[in-house]
């Protein structure tokens with residue numbers, strides 16, 4: 001397994017994965033770097049695992065090479081786990097970060113700080129032809145702030161304050177955020193798996 005496809009067109013995410021896999025003498029390619037172009041795989045799953053697997057398994061089936069896909073989102077306890085798998089399109093199919101944040105803050109109006117607990121979740125799925133799909137899950141706990149703060153990051157970062165910090169994810173420097181992020185935590189589990197594969 002010295003070549004892996006990352007099922008993303010997000011340049012920032014791809015850069016992170018390329019650097020990660022380089023340590024294992026593996027070359028990672030994004031979907032935009034392939035000769036064949038893929039339509040977005042519809043995320044019809046009800047869990048992060050199902051959605052990540054749908055993307056990874058569909059593309060691995062076409063290409064017959066290992067494919068990694070991820071699905072991530074925000075779970076808010078006071079909203080019974082919403083927005084969850086619908087995080088990117090919570091306020092509608094247009095996928096507006098601002099509209100999604102506004103909707104969450106509106107739904108949490110009047111909820112006291114102690115009950116605004118939440119977590120970012122990331123699930124990585126690696127599909128290899130003829131093998132069982134491998135999953136790595138990471139999460140970071142925190143609370144939802146009353147107002148957005150910070151210029152960095154994207155998505156719900158301006159309203160998510162990680163546990164042990166006085167700042168939101170969007171107020172942290174990107175390098176600091178990447179050290180504690182849910183994707184980073186999932187990659188730690190992926191690393192253990194890759195080390196086992198190498199034995």
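Residue numbers (UniProt numbering): 1 to 199.
Virtual Cβ for every residue (Gly too), placed ideally from N, Cα, C.
Own chain residues within Cβ distance below 7 Å of residue 180, not counting five before or after: Within the chain shown, residue 180 is the residue found at index 180, counting from 1. So the qualifying residues of the chain are 140 and 162.
Enumerated in chain order, which unbroken segments of the beta strand (DSSP E) with a length of 3 residues or greater are wholly contained in the stretch 58 to 112? Counting only runs of 3 or more residues that sit fully inside the stretch 58 to 112, the beta strand (DSSP E) segments are 67 to 76, in chain order.
Identify which residue in 57, 93, 63 and 111 has its Cα closest to the Cα of residue 78. As a working mapping, residue 78 is identified with position 78 in the chain shown. Looking from the CA of residue 78, the closest CA among 57, 93, 63 and 111 belongs to 111.
Is residue 68 closer than 8 Å to residue 124 when the C-beta atoms are compared? Sequence index remark: in the chain shown, residue 124 carries index 124 (1-based). Sequence index remark: in the chain shown, residue 68 carries index 68 (1-based). Yes, they are a contact pair.
Quick one: is residue 64 buried, meaning 16 or more other Cβ sit within 10 Å of its Cβ, or exposed? Indexing the chain shown from 1 puts residue 64 at position 64. Result: exposed.
Take every Cβ of the stretch 180 to 191, pair it with every Cβ of the stretch 135 to 150, and state whether three or more of those distances are shorter than 8 Å. yes
Nearest neighbour of residue 88, chosen from 130, 152 and 99 [CA to CA]: Position 88 of the chain shown, counted from the start, is the residue given in the question as residue 88. When each option's Cα is compared against that of residue 88, the closest is 99.
How should residue 195 be labelled, buried or exposed, when 16 other C-beta atoms within 10 angstroms of its C-beta is the threshold for buried? Here residue 195 refers to the residue found at position 195 of the chain shown. Residue burial is scored here from C-beta neighbours: residue 195 has fewer than 16 other C-beta atoms within 10 angstroms and is therefore classed as exposed.
Helix, strand or coil for residue 124 per DSSP? Here residue 124 refers to the residue found at position 124 of the chain shown. Three-state result, residue 124: strand.
If the criterion is Cβ atoms closer than 8 Å, does the pair residue 168 and residue 145 meet it? On the chain shown, residue 168 is found 168 positions in, with the first residue counted as 1. On the chain shown, residue 145 is found 145 positions in, with the first residue counted as 1. A contact, by the Cβ cut-off of 8 Å.
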